[in-house]
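Student:
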Amino acid sequence: MKIKPIILIAGEPKSIFFEIFFKAIKKNKYRSPLILICCKKKLIQEMKKNRFKKKIKVIQTNDIKDIYVDNKTLNLIDIRLHNSNNKSRNEYIKTSFDIAIRLIKKGYTNKFINGPINKSSFLDKKYLGITEYISSKFTKKNIGMLIYNKKLSVSPLTTHLPIKLVAKKITKKLIEEKIQTIHNFYETHLKIKAKIAVTGINPHCESILKFNEDEKIVKLAVKSKIKKGINVKGPYPADTLFLKANRKKFNVILGMYHDQVLTPMKTLFEYDAINITMGLSFFRISPDHGPNEKMINKNKSNPLSLIRALNFLDNR
Numbered sequence: 054m055k056i057k058p059i060i061l062i063a064g065e066p067k068s069i070f071f072e073i074f075f076k077a078i079k080k081n082k083y084r085s086p087l088i089l090i091c092c093k094k095k096l097i098q099e100m101k102k103n104r105f106k107k108k109i110k111v112i113q114t115n116d117i118k119d120i121y122v123d124n125k126t127l128n129l130i131d132i133r134l135h136n137s138n139n140k141s142r143n144e145y146i147k148t149s150f151d152i153a154i155r156l157i158k159k160g161y162t163n164k165f166i167n168g169p170i171n172k173s174s175f176l177d178k179k180y181l182g183i184t185e186y187i188s189s190k191f192t193k194k195n196i197g198m199l200i201y202n203k204k205l206s207v208s209p210l211t212t213h214l215p216i217k218l219v220a221k222k223i224t225k226k227l228i229e230e231k232i233q234t235i236h237n238f239y240e241t242h243l244k245i246k247a248k249i250a251v252t253g254i255n256p257h258c259e260s261i262l263k264f265n266e267d268e269k270i271v272k273l274a275v276k277s278k279i280k281k282g283i284n285v286k287g288p289y290p291a292d293t294l295f296l297k298a299n300r301k302k303f304n305v306i307l308g309m310y311h312d313q314v315l316t317p318m319k320t321l322f323e324y325d326a327i328n329i330t331m332g333l334s335f336f337r338i339s340p341d342h343g344p345n346e347k348m349i350n351k352n353k354s355n356p357l358s359l360i361r362a363l364n365f366l367d368n369r
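Residue numbers for the sequence shown follow the working numbering, so the first one is 54 and each next one is one higher.
1) So ILE166 and THR114 are in contact, right, with Cβ under 8 Å, and what is the actual spacing, rounded?
2) Would you tell me roughly how many angstroms separate the C-alpha atoms of ASP367 and TYR83, rounded to the nearest one?
3) Write down the C-beta distance between PRO288 and VAL314 rounded to the nearest angstrom, noting that I regard them as a contact closer than 8 Å.
4) What does DSSP give as the partner residue(s) for MET331 in the beta ladder?
5) Bridge partners of LEU61, per DSSP?
6) Relative to the alpha-carbon of LEU214, which residue among GLY308, LYS222 and VAL207 has its alpha-carbon at the smallest distance?
7) Count the C-beta pairs between the segment 293-308 and the segment 325-332 that are closer than 8 Å, then say yes if the count reaches three, no if not.
8) State buried or exposed for SER339, treating a residue as buried only when at least 16 other CB atoms are found within 10 Å of its CB.
9) In angstroms with no decimal places, state the Cα-to-Cα distance between LEU129 and PRO344.
10) Can you list, in chain order, the residues of its chain with a C-beta nearer than 7 Å to that of THR277? Leave out the 5 residues immediately preceding and following it.
11) Quick check: the Cα distance between LYS244 and GLU268, rounded to an integer number of angstroms?
12) Leaving out five residues on either side along the sequence, give the residues of the same chain with a beta carbon under 7 Å from the beta carbon of TYR201.
13) Output needed for ARG155: all residues of its chain with C-beta closer than 8 Å, excluding positions within five of it in sequence on either side, in chain order.
14) Using DSSP bridges, identify the partner residues of ALA250.
15) On the DSSP bridge list, what partners appear for ASN128?
16) Spatial neighbours of PHE238 within its chain, please: CB distance less than 6 Å, with the 5 preceding and 5 following residues excluded, ordered by chain position.
17) Where does the unbroken alpha helix (DSSP H) through PHE137 begin, and where does it stop?
18) For the putative contact between LEU96 and LEU61, defined by C-beta atoms under 8 Å, what is the C-beta separation to the nearest angstrom?
19) In angstroms with no decimal places, state the Cα-to-Cα distance between PRO256 and ASN195.
20) Just checking my contact of LYS107 with THR126 at CB under 8 Å: how many whole Å lie between their CB atoms?
21) Pull up the distance between the alpha-carbon of LYS94 and that of ASN352, whole angstroms please.
22) Confirm, please, whether the CB-CB distance from VAL207 to VAL122 is below 8 Å.
23) Do CYS258 and PRO209 have their C-beta atoms closer together than 8 Å?
24) Shortest alpha-carbon distance to HIS236 belongs to which of ASN81, ASN284 and THR212?
25) Where GLU144 and TYR180 are concerned, what is the direct C-alpha to C-alpha distance, given to the nearest angstrom?
26) How close, in whole Å, do the beta carbons of ILE349 and ILE69 come, if the pair is a contact with beta carbons under 8 Å?
27) Give a yes or no on whether the C-beta atoms belonging to PRO58 and THR184 are separated by under 8 Å.
28) On the DSSP letters alone, give me the boundaries of the beta strand (DSSP E) that ARG337 sits inside.
Spelled out as structure tokens, the structure:
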């Protein structure tokens, strides 16, 4: 069976992506052909800067199915970057996404990685993050963010919401949907059973108010999914759930908001994790880091998350 290629969007022109990309393909060999979507001129500049040498093969998307690709060359879909202002940069990123999405919809590949994107510059207010932006192109509703590591993964129920809006967003239905999305992803794509822990929203799952969300919303959602045969428990206080003795009982933790679970996750694993979008008909992964402009040209950026992303897709 023909191995489907991995499409990679370089993303933000001013970022550490090229440095970690060159490091990743120097250290590892991949069965899946890699196809990079970026500006050829920018790519050549970065290759010289990082002392990386490889022949570039430019691919035209109108006849891409008839073109043989392997990893003996750098396979490139060239997107012109006119200048460095915000408008030009955003058009460049949007065009890159449009091409990748079109290739996925045509069935050319089901493996997609996007490099770091400056969300505040690229996205308008109707999208909380790149996960929601990409998912909207495929009219998917029950999607979820999974920060994945083989030992332990986390998923935030709400993603990039201001903290004062989190409690308003949490509903029994939303928790039930996320538990189901996690269960389905683990069973279908990882071929293992998800052992899910759910955090509470309040400190110690307690509240000084008459209405306690952990009792009236979270606990009821968990009970309803247990009745459906899903291996899920909670709510647990978030401040003790990540202790070693507790976390070894589970392989994924569903938290109520972004930093509640991403902070301990990054403390435990640092760059040894990848951001997977669950609920799509293809694999979309983002390395677990941002543009990190302060580290550009220092040659000190860790490529581990991108290596993990490539390895994950290479085995599918």
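Don't be surprised by glycine CBs; every beta carbon is placed ideally from N, CA and C.
Tutor: If we stick to the structure as given:
1) The residue labelled residue 166 in the question sits at position 113 within the sequence shown. The residue labelled residue 114 in the question sits at position 61 within the sequence shown. So it is not a contact: roughly 18 Å between Cβ atoms.
2) Here residue 367 corresponds to residue number 314 of the sequence shown, with the count starting at 1. Here residue 83 corresponds to residue number 30 of the sequence shown, with the count starting at 1. Their Cα atoms are separated by approximately 6 Å.
3) Here residue 288 is taken as the residue at index 235 of the sequence shown, counted from 1. Here residue 314 is taken as the residue at index 261 of the sequence shown, counted from 1. The Cβ separation is near 13 Å, so there is no contact.
4) On the sequence shown, residue 331 is found 278 positions in, with the first residue counted as 1. In DSSP, MET331 forms a bridge with GLY197.
5) Counting from one through the sequence shown, the residue named residue 61 turns up at place 8. Note: LEU61 is bridge-paired with LEU89 and ILE166 in the DSSP secondary-structure output.
6) In the sequence shown, residue 214 corresponds to position 161, counting from 1. Of the listed residues, the one whose Cα sits closest to LEU214 is LYS222.
7) With fewer than three CB-CB distances shorter than 8 Å, the segment 293-308 does not count as touching the segment 325-332.
8) As a working note, residue 339 is residue 286 in the sequence shown. Buried: at least 16 other Cβ atoms inside 10 Å.
9) Along the sequence shown, read from residue 1 onward, the residue named residue 129 stands at position 76. Along the sequence shown, read from residue 1 onward, the residue named residue 344 stands at position 291. Between LEU129 and PRO344, the C-alpha separation is close to 21 Å.
10) In the sequence shown, the residue the question calls residue 277 occupies position 224. For the record, residue 277 in the displayed sequence is Ser; it is not Thr. GLU229, listed in sequence order.
11) Working through the sequence shown from its first residue, we reach residue 244 at position 191. Working through the sequence shown from its first residue, we reach residue 268 at position 215. Distance between the alpha carbons of LYS244 and GLU268 is about 32 Å.
12) The residue given as residue 201 occupies position 148 in the sequence shown. Counting only Cβ-Cβ distances below 7 Å, and skipping sequence neighbours, we find ALA326, ILE327 and ILE329.
13) As a working note, residue 155 is residue 102 in the sequence shown. Correct list, in chain order: THR114.
14) Within the sequence shown, residue 250 is the residue found at index 197, counting from 1. Per DSSP, LYS286 and ILE306.
15) Here residue 128 refers to the residue found at position 75 of the sequence shown. Beta-bridge partners of ASN128 (DSSP): ILE88 and LYS110.
16) By one-based count along the sequence shown, residue 238 stands at place 185. MET331, listed in sequence order.
17) On the sequence shown, position 84 is the one that residue 137 refers to. At residue 137 the sequence reads Ser, which differs from the Phe that was named. Careful: SER137 lies outside any alpha helix (DSSP H) and carries neither H nor E.
18) Working through the sequence shown from its first residue, we reach residue 96 at position 43. Working through the sequence shown from its first residue, we reach residue 61 at position 8. 12 Å between Cβ atoms; not a contact.
19) Here residue 256 refers to the residue found at position 203 of the sequence shown. Here residue 195 refers to the residue found at position 142 of the sequence shown. Those two C-alpha atoms are separated by around 27 Å.
20) Taking the sequence shown and counting its residues from 1, one reaches residue 107 at position 54. Taking the sequence shown and counting its residues from 1, one reaches residue 126 at position 73. With a Cβ gap of about 7 Å, LYS107 and THR126 count as contacting.
21) For the purposes of this step, residue 94 is identified with residue 41 of the sequence shown, where counting begins at 1. For the purposes of this step, residue 352 is identified with residue 299 of the sequence shown, where counting begins at 1. So the alpha carbons of these two residues sit roughly 20 Å apart.
22) If you number the sequence shown from 1, residue 122 lands on position 69. If you number the sequence shown from 1, residue 207 lands on position 154. Contact: no.
23) As a first step, residue 258 is located in the sequence shown; it is residue number 205 there, counting from the start. As a first step, residue 209 is located in the sequence shown; it is residue number 156 there, counting from the start. For CYS258 and PRO209, no; Cβs fall outside 8 Å.
24) Within the sequence shown, the letter at position 183 stands for residue 236. Per the Cα distances, ASN284.
25) One-based indexing of the sequence shown puts residue 144 at position 91. One-based indexing of the sequence shown puts residue 180 at position 127. Taking the straight line from one Cα to the other gives about 17 Å.
26) Position 296 of the sequence shown, counting from 1, holds the residue named residue 349. Position 16 of the sequence shown, counting from 1, holds the residue named residue 69. With 8 Å as the limit, ILE349 and ILE69 qualify as a contact, their Cβ atoms being about 6 Å apart.
27) Within the sequence shown, the letter at position 5 stands for residue 58. Within the sequence shown, the letter at position 131 stands for residue 184. For PRO58 and THR184, no; Cβs fall outside 8 Å.
28) Mapped onto the sequence shown, residue 337 falls at position 284. Segment 336-340, the beta strand (DSSP E) holding ARG337.
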